[in-house]
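Here the structure is laid out as C-alpha cells; the discussion comes afterwards.
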Amino acid sequence: MNNVYAWPYANEFGQRETVRSDVLVLGGGLAGCFAAIAAARKGRSVALVEKGATERSGSAGSGFDHWESACSNPCSRVTPKEIAEAYIEEQDEYSNGIAHYIECREGYDRLLDLEDFGGKIRDTEGLFRGAEFRDEKTGLLFAYDYTNRFTLRVWGTTFKPALYRELKRLGVRVFDRVEATCLATAGSGGEKRCTGAIGMNTRTGKLMVFEAAATVLAMSRPARIWLFNPDLVGLCEFRPTQSIGSGHAMGWRAGVEFTMMEKSVRGEFSAAGRSFPPYGTGNNHNTWYAATMVDARGVEIPYVDRDGRELKTVSERYRPAPGQKFFLKGGVIDEAKYPYRGPETLDYDELMRRGYKLPFYADLSRMPEMERRAIWGLMVGEEGKTRIPILENYTRRGFDPEKHMLQSYGTGWQSASFLGQERQLFGAPGGIMHDWDLKTNLDGLYAAGDQLFASDCCGFACATGYYAGRKAADSVGGAEREKVDPALIDREEARLYAPMLVRDGMNWRELNMAISKAMQNYCGEFKCDELLNEGLDLLNSYERDSVPLLCCDNPHELMRTHEVLDILEVARLILNACLLRKTSSAPLNFRRTDSDLTDPPQDRAFLTIRQENGKAVGGRKPLRYFGDIETEYIKRNEAYIAERDARYGSR
Ligand SMILES: Cc1cc2nc3c(=O)[nH]c(=O)nc-3n(C[C@H](O)[C@H](O)[C@H](O)COP(=O)(O)OP(=O)(O)OC[C@H]3O[C@@H](n4cnc5c(N)ncnc54)[C@H](O)[C@@H]3O)c2cc1C
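First residue of the sequence shown? That's 71 in our numbering, and the numbers climb one at a time after it.
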C-alpha cells in the first residue's frame, strides 16, 4: 500500500463494519433526509449514508432562495394538478408526472415540517411588512407570480441544520463521510432485489456493509461528464463537487432502469471556471428576477408580458398577462411555452436590433425598496452558494445596491457562453425510472430527488424524498433482511482499494479530463451511430488501459478516484442511451445527423435502458404511463391524505 502515515485519521484499510437497518438511505441531501424522517416516523430503524456532512451537504446545504410549487399553501390560487400538468406540458410530456404531482401536492406539507424542525419559512420579524409579495396574515413571502402565490421566498440556509437535528431526534443512524459505492442485490432477472449497499469511509478507508430490507437512492445526478477543469474542480458545475452521479453508476451496475439519459443541454451555468460564480452577475433570471436592467448608456431595458405588451411598472413584472391564469418561473423554466410564459425583458436579438448597447447591468437602485431588499439580501444571501461568496464578499468590498450596478453581459442566465459540445445534465434531465411508489425496477429499491428522471428543485426533492421513505417503510412489513453476498464484498473491496496499491500511476484528474474530452468529441450536440460507437470504444479503452494505472495516497484522494470511475460508468450509460434513440428529438435536445426525422410519433416515448450481463437492454414506456395524476395519487395515498388533513386541515 502507498504511504498513509501523514494522514490525520485512523488507518482502517482492511477493516469491515456491518450495519443493519429496516430502511437504508443513500445520500443525505434534502431528499435523503426526508426519506429517513418518513421511515423513522413509521417506526422503522433507519441508517443514512452521506459522503459529506449531512448538516450542510448537498445542493441545498448552503441554502436556496425559493420554493417552487407550494400549491397548497393557504394563499395559493392554483391547484396541485394545474401546476403539475403545466410542468408536464411545458416539457412536451417528457416529464415526470408522478414526481411533479407529489411535489405540488405534498411540497407545502414538507415546508411546514421544516418549520417545525426549526427552519425559517416566513417573515416573522416583519422585515417586509407592507410589501406586495407578503401575506400579512401568515407572513409568507412570494416570488415570481404575485397573483397566484404558489412560489415562496424562504430562508434556505436554515433548512439543512434543521433536518439534521430532526434526524438525530428521531434516532436515525447517520454515517457521515461514507461514500456508497455499490448496491447489493440477490436473485436475477425479474426477481432481482436490493439487499443493501457497500461503501467506504472517506477518512479512514474502512469498508462499510449495509444490510437493509428497503433502500432509497438519493445521491443527486451526474456532473463533470462533459465539463471539467482540473484547476477549478469545485467550480466545474452548478451542483456540489461531491455529487457526480455515483447513485446512477451504482444503479447502472446493478441493473436499475433509467430513462431520458440521452437528454443533455448546452452548458449554461457555472461551468468549468468560465462563468462568474453563480448569481454573482446582475442578470434578471431566477434569484435576480425581475431586476431592472439597463444598457451601457444607462437606458432601461423594457420588460414585456406573454403577449409582447410593454410593461410600465415594476409591479407588472410579477403579474400574469390579461387573460392568463398563471405563469411559470424558477430554476428549470428558461423559455416557457406561450400559455405559461411570464414577463421577461425583450428578446436579446431584438434588443440588439433596437440599438441597446452591451454590456448590460442590473440596477437595483431603480427598484422599489422592498423589491431591492428581496433580491439583494434575501434571495442573494439565502440562495445556494451565495451567502459568503456573493453577498458577504461583495458587501465587504463596497457593493451597495442602492448606489451601484452589477454587470452582466446580457440578460437571463448569460454569464458565459458554451460550445455545442460542452454539455450538462441540467434542466430536468434523465434519471431513474420508477412507478407510483417511486420504486425502481428492483424490488426493495426506491429513489428520490435529483436522482429521479426529470427532477428539478427543492420542493421536488423534499416531497419525493418523504414519499419514497414512507413507501419504503411500508414495504418492509415482514420482509426479511438478507445478508450481503460475501463474494460481492470481497470483489468490491478489491475494486475500491486497487488505486492505493499502484505507484507512480495516473491521477484521477487526468482521467476525468480525458473522459470529458471524449464526451465532447463523441457525444456533443450532433450525434450519429458511428460517433457514439467510437466514443464507447474509446471509453472502454480507458477502462482497459487507464483505470489500472490510477493511483492515490489517502482515502480522500481514493474517494475522488472512485468518483471518476463512476463518471466513466455514467458516460457509457449516456452513450448507450443515445444509441437507442434513432431519431432527433426537440424536447430532449437530441440531434441526430443520420436521421431526417424529428420526434416522429413512433419515437415519442420514454426510452428506458438498463444493464444486464454487461449489455445495454432497451425498453419503452408511453409518455403518459402514469395515468391521471390526481386519481392515481389518491388511490395510493389515502392513509397519508387522512393523516395530513387531520394535522393541517383539508385543502
Ligand atoms: C446553487 C444551487 C441553487 C439552487 N437553488 C434552488 C432554489 O432556490 N430553489 C429550488 O427549488 N431548487 C434549487 N436548487 C436545486 C435544489 O437544491 C436541488 O434540486 C435539491 O437540493 C436536490 O436535493 P437532493 O436531495 O435530490 O440532492 P442533493 O441535495 O444534492 O443531495 C445529494 C446528497 O448525496 C450525497 N452523495 C452523493 N454521492 C454520494 C455517495 N456516493 N455516497 C453517499 N452520499 C452521496 C451528496 O453529498 C449530497 O449530500 C439549487 C441548486 C443549486 C446547486
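Here a beta-carbon is modelled for each residue, glycine too, at the ideal position from N, C-alpha and C.
Which stretch, first to last residue, makes up the beta strand (DSSP E) that contains residue 283?
Looking at the DSSP string, the run of the beta strand (DSSP E) that includes residue 283 is 277–287.
Which runs of the beta strand (DSSP E) at least 3 residues long sit entirely within the stretch 454–509? Give them in chain order.
Counting only runs of 3 or more, we get 476–478.
May I ask whether a heavy atom of ligand 1 can be found less than 6 Å away from the beta carbon of residue 308?
Residue 308: yes, Cβ under 6 Å from ligand 1.
Buried or exposed: where does residue 89 fall if 16 or more other Cβ atoms within 10 Å of its Cβ makes it buried?
By the 10 Å Cβ count, residue 89 comes out buried.
List the endpoints of the continuous beta strand (DSSP E) containing residue 331.
Taken as a continuous stretch (DSSP letters only), residue 331 belongs to no beta strand (DSSP E), as it is neither H nor E.
On the DSSP letters alone, give me the boundaries of the alpha helix (DSSP H) that residue 189 sits inside.
Where residue 189 is concerned, there is no enclosing alpha helix (DSSP H), given that its DSSP letter is neither H nor E.
Going by beta carbon distance, what residues of the same chain come within less than 6 Å of residue 418, once the five residues before and after it are set aside?
480.
Since residue 722 sits in a beta bridge, which residues does DSSP pair it with?
Residue 722 is absent from the model: the chain starts at 71 and stops at 721.
For ligand 1, I want to know if residue 100 counts as a neighbour, meaning its beta carbon is within less than 6 Å of at least one of the ligand's heavy atoms.
At least one heavy atom of ligand 1 is nearer than 6 Å to the Cβ of residue 100, so yes.
So does the stretch 316–331 actually touch the stretch 498–506, counting three or more Cβ pairs closer than 8 Å?
Yes: at least three Cβ pairs fall under 8 Å.
Are residue 714 and residue 183 closer than 7 Å when you measure CB to CB?
The answer is no: Cβ separation not under 7 Å.
For residue 91, which residues does DSSP report across the bridge?
In DSSP, residue 91 forms a bridge with 282.
Could you check where the alpha helix (DSSP H) with residue 270 kicks off and where it finishes?
It is not in any alpha helix (DSSP H) - residue 270 instead sits in the beta strand (DSSP E) that spans 263–271.
Going by DSSP, what residue range makes up the alpha helix (DSSP H) through residue 107?
Where residue 107 is concerned, the enclosing alpha helix (DSSP H) stretches over 100–111.
Closer than 6 Å: is that where the CB of residue 119 sits relative to any heavy atom of ligand 1?
Yes, ligand 1 has a heavy atom inside 6 Å of this Cβ.
Residue ranges of each alpha helix (DSSP H) run of no fewer than 4 residues wholly in the stretch 503–542, ordered along the chain?
Within the stretch 503–542, no complete alpha helix (DSSP H) run reaches 4 residues.
Short of 7 Å in beta carbon distance, which residues of its chain neighbour residue 604, apart from the five on each side in sequence? Order them along the chain.
Around residue 604: 592.
Could you check whether the Cβ of residue 338 sits closer than 6 Å to any heavy atom belonging to ligand 1?
No, ligand 1 has no heavy atom inside 6 Å of this Cβ.
I want to check one thing, is the minimum distance from the CB of residue 289 to the heavy atoms of ligand 1 below 6 Å?
The answer is yes for residue 289.
Rounded to whole angstroms, what is the Cα-Cα separation between residue 722 and residue 534?
The chain is shown only over 71 to 721; residue 722 falls outside these bounds and no answer can be derived.
Cβ of residue 520 within 6 Å of any heavy atom in ligand 3?
This structure does not include ligand 3; its bound ligands are ligand 1.
Using a 10 Å radius around the Cβ and a threshold of 16 neighbouring Cβ atoms, would you call residue 718 buried or exposed?
Residue 718 is exposed by the Cβ-count criterion.
Which complete alpha helix (DSSP H) runs does the stretch 342–426 hold, if anything under 4 residues is left out?
Correct list: 418–423.
Anyone know if the C-beta pair for residue 451 and residue 461 falls short of 7 Å?
Going by C-beta atoms, residue 451 is nearer than 7 Å to residue 461.
Which residues bound the beta strand (DSSP E) around residue 699?
Not the beta strand (DSSP E): residue 699 falls in the alpha helix (DSSP H), residues 699–706.
Please say whether residue 142 and residue 524 have beta carbons closer to each other than 7 Å?
No, Cβ-Cβ distance for residue 524 and residue 142 is not below 7 Å.
Taking 7 Å as the cut-off, decide whether the C-beta atoms of residue 464 and residue 172 are in contact.
No; because the gap between Cβ atoms is not below 7 Å, this pair is not in contact.
Between which two residues does the beta strand (DSSP E) carrying residue 676 extend?
Its beta strand (DSSP E) spans residues 676–682.
What is the DSSP secondary structure of residue 249, counted as helix, strand or coil?
In this structure, residue 249 counts as strand in the three-state DSSP scheme.
Which same chain residues end up closer than 8 Å to residue 270 when comparing Cβ atoms and leaving out the 5 residues on each side of it in sequence?
If we look at residue 270 and ignore the five residues flanking it on each side, its Cβ neighbours are 248, 249, 251, 276, 277, 278, 566, 625, 628, 629, 632.
Run the proximity test for residue 454: is its beta-carbon closer than 6 Å to any non-hydrogen atom belonging to ligand 1?
Yes; taking the cut-off as 6 Å, the Cβ of residue 454 has a heavy atom of ligand 1 nearer than that.
Out of 192, 320, 658, 282, which has the shortest C-alpha to C-alpha gap to residue 542?
Comparing Cα-Cα distances from residue 542 to each of 192, 320, 658, 282, the minimum goes to 282.
Is residue 357 buried or exposed, if buried means 16 or more other CB atoms sit within 10 Å of its CB?
With 16 or more Cβ atoms within 10 Å of its Cβ, residue 357 is classed as buried.
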